[in-house]
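Take 0 as the starting number for the sequence shown in numbering that gives the first Met the number 0 and just add one per residue. Built from N, CA and C at the ideal position, the CB exists for glycine as well.
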Amino acid sequence: MKKLKRDAEKFGVLELFSDMATQHGYDLNDPIAQEDFVSRVRSSISNSKNSNIAIFGKRVESLFAYVAGALGSVALLKQEDSGDIYFSGGDILAPDYRITFFNNEQLFVEVKNCHHKDIRAKFKINKEYYFKLKKYADINGLDVMFALYLSSWNVWTLLGIESFEENNDSYFIDIGRAMACSEMAKLGDCMVGTAPDLELHLLANPDEASEIGESEQVEFIARDVKIYCAGNEITNEEEQRIAFYLIKFGTWVERCAEEIVGNGKLLGIKFVYSPENKNEPNFSFIGHLSTMVTNGFRSHTVKDGSVVALKVGLDPSVFKVLIPQDYKGENLPLWRFIIQPNPNFKTSLGS
């Protein structure tokens, strides 16, 4: 999926000025009004930077577009809550996105950020807030679902309101049930597994490799790259691309980085990636595709734990892992698990 380019500097700023002009009585040709506009924008950015809720919330909203766009089942995704809205009667609220699938089915999605760490903790949606979203969706003849990002777990869930429980003023769901009832498969999400370990070898040219002496520093120039899965070298280019993506954005951890030495020379460096809990010798999950896209987006928007960008100037396809439907690997075995929702699930852990 590609992102439609829009000249925000040319059109977005003028639109923002027009919106603020109605509120503050600006004259487009008045230099004082222009100065006041710039001052208010600068102040607003400064205030937003000091609000983690606003910053992380907006970043997650942008992130969802890349997740949905990279997973492969969405034909068109449009921000729904931007621009003027004119309507008749009642309070309404436009959801964040309108999604159109390849079968022309459409869906509204409201993106929410959840920081709960306890699997029994409950996420709540105010009823009045939901009814405004629903009224907008009803007018358009569509359903509205909630894309809930569980930041402490680095997991996306997609939920209809029927998955929530209800009390007088809100709908609520615990984290365990949110995971079990998720319909992220609608967007093309799945869990991926392969055989541990994955290894990345950076190799020198043996003829120019440096000798290892008593010095703590050795010059090394990487001339070749090899990737291994469960001890087998991956030579197919498509498999190499997939394996590198799994190494870079999957959930396995770098277990070690060690020298490859031969004849007293530094021939290369080997990086080994393993699952944290290796229960089976020939198989382990390496993560949801949505989590991998999220990790890719994070590498462009978060630095040292702080958000440095809310959006990226890249197409969602940049973060897509291309695993063909008929994939049959030679030396990179893959298992894909399409997780279906369990509406009868109840968290069994004690309170």
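Quick check: the Cα distance between residue i and residue j, rounded to an integer number of angstroms?
{"i": "Trp152", "j": "Ile31", "result": "49 Å"}
{"i": "Glu365", "j": "Lys310", "result": "The structure shown does not extend to residue 365, since the chain is modelled only from 0 through 350, so no value can be given for it."}
{"i": "Ser316", "j": "Glu210", "result": "43 Å"}
{"i": "Phe107", "j": "Lys121", "result": "23 Å"}
{"i": "Val79", "j": "Met183", "result": "Reading off the sequence shown, one finds Glu at residue 79, where the question assumed Val. Roughly 20 Å between the two C-alpha positions."}
{"i": "Glu237", "j": "Gly68", "result": "21 Å"}
{"i": "Phe363", "j": "Ser169", "result": "With the chain covering 0 to 350 only, the question about residue 363 has no answer from this structure."}
{"i": "Ile138", "j": "Met144", "result": "15 Å"}
{"i": "Asn351", "j": "Ile54", "result": "Since the first and last residues shown for the chain are 0 and 350, residue 351 lies out of range."}
{"i": "Pro323", "j": "Ile259", "result": "34 Å"}
{"i": "Ser350", "j": "Asn166", "result": "Bear in mind that the predicted position of Ser350 carries a pLDDT of just 46, short of 50, making it unreliable; the figure below should be weighed with that in mind. Taking the straight line from one Cα to the other gives about 19 Å."}
{"i": "Glu14", "j": "Ser162", "result": "39 Å"}
If distances are taken between C-alpha atoms only, which option among the options comes closest to residue i?
{"i": "Pro340", "options": "Met178, Gly68, Arg119", "result": "Met178"}
{"i": "Gly212", "options": "Ala53, Met190, Asp303, Leu265", "result": "Leu265"}
{"i": "Glu109", "options": "Asp117, Ile124, Ser150", "result": "Ile124"}
{"i": "Leu202", "options": "Asn166, Leu186, Glu34, Ile268", "result": "Ile268"}
{"i": "Tyr65", "options": "Gln33, Ile98, Ile84, Ser81", "result": "Ile98"}
{"i": "Cys255", "options": "Arg119, Ile246, Gly263, Phe270", "result": "Phe270"}
{"i": "Phe63", "options": "Asn294, Ser305, Asp325, Leu27", "result": "Asn294"}
{"i": "Ser289", "options": "Ser150, Asn330, Ala229", "result": "Ser150"}
{"i": "Leu186", "options": "Cys180, Glu161, Leu157, Phe171", "result": "Leu157"}
{"i": "Glu60", "options": "Leu132, Tyr128, Pro94, Gly88", "result": "Pro94"}
Which of the three DSSP states, helix, strand or coil, is assigned to residue i?
{"i": "Phe336", "result": "strand"}
{"i": "Lys116", "result": "coil"}
{"i": "Ser350", "result": "Since pLDDT at Ser350 reaches only 46, below the 50 mark, its modelled position is unreliable, and no value is offered."}
{"i": "Tyr135", "result": "helix"}
{"i": "Asp35", "result": "helix"}
{"i": "Gln216", "result": "coil"}
{"i": "Leu354", "result": "Nothing can be reported for residue 354: it is not among the residues displayed for the chain, which extend from 0 to 350."}
{"i": "Glu329", "result": "coil"}
Around the Cβ of residue i, are there at least 16 other Cβ atoms within 10 angstroms (buried) or fewer (exposed)?
{"i": "Asp188", "result": "buried"}
{"i": "Ile220", "result": "exposed"}
{"i": "Pro71", "result": "With the sequence shown as reference, residue 71 is identified as Gly, and Pro is not the correct amino acid for it. Result: buried."}
{"i": "Thr234", "result": "exposed"}
{"i": "Ala41", "result": "The sequence shown places Arg at residue 41, not Ala. Exposed, because fewer than 16 other Cβ atoms sit within 10 Å of the Cβ of Arg41."}
{"i": "His23", "result": "exposed"}
{"i": "Asn204", "result": "exposed"}
{"i": "Ile174", "result": "buried"}
{"i": "His114", "result": "exposed"}
{"i": "Asn112", "result": "buried"}
{"i": "Tyr135", "result": "buried"}
{"i": "Lys319", "result": "buried"}
{"i": "Met291", "result": "buried"}
{"i": "Pro342", "result": "exposed"}
{"i": "Arg58", "result": "buried"}
{"i": "Ala74", "result": "exposed"}
{"i": "Ala208", "result": "buried"}
On the three-pair Cβ rule with 8 Å, is the segment 229-244 touching the segment 191-199? Contact between the segment 229-244 and the segment 191-199 is present, because at least three Cβ pairs lie under 8 Å.
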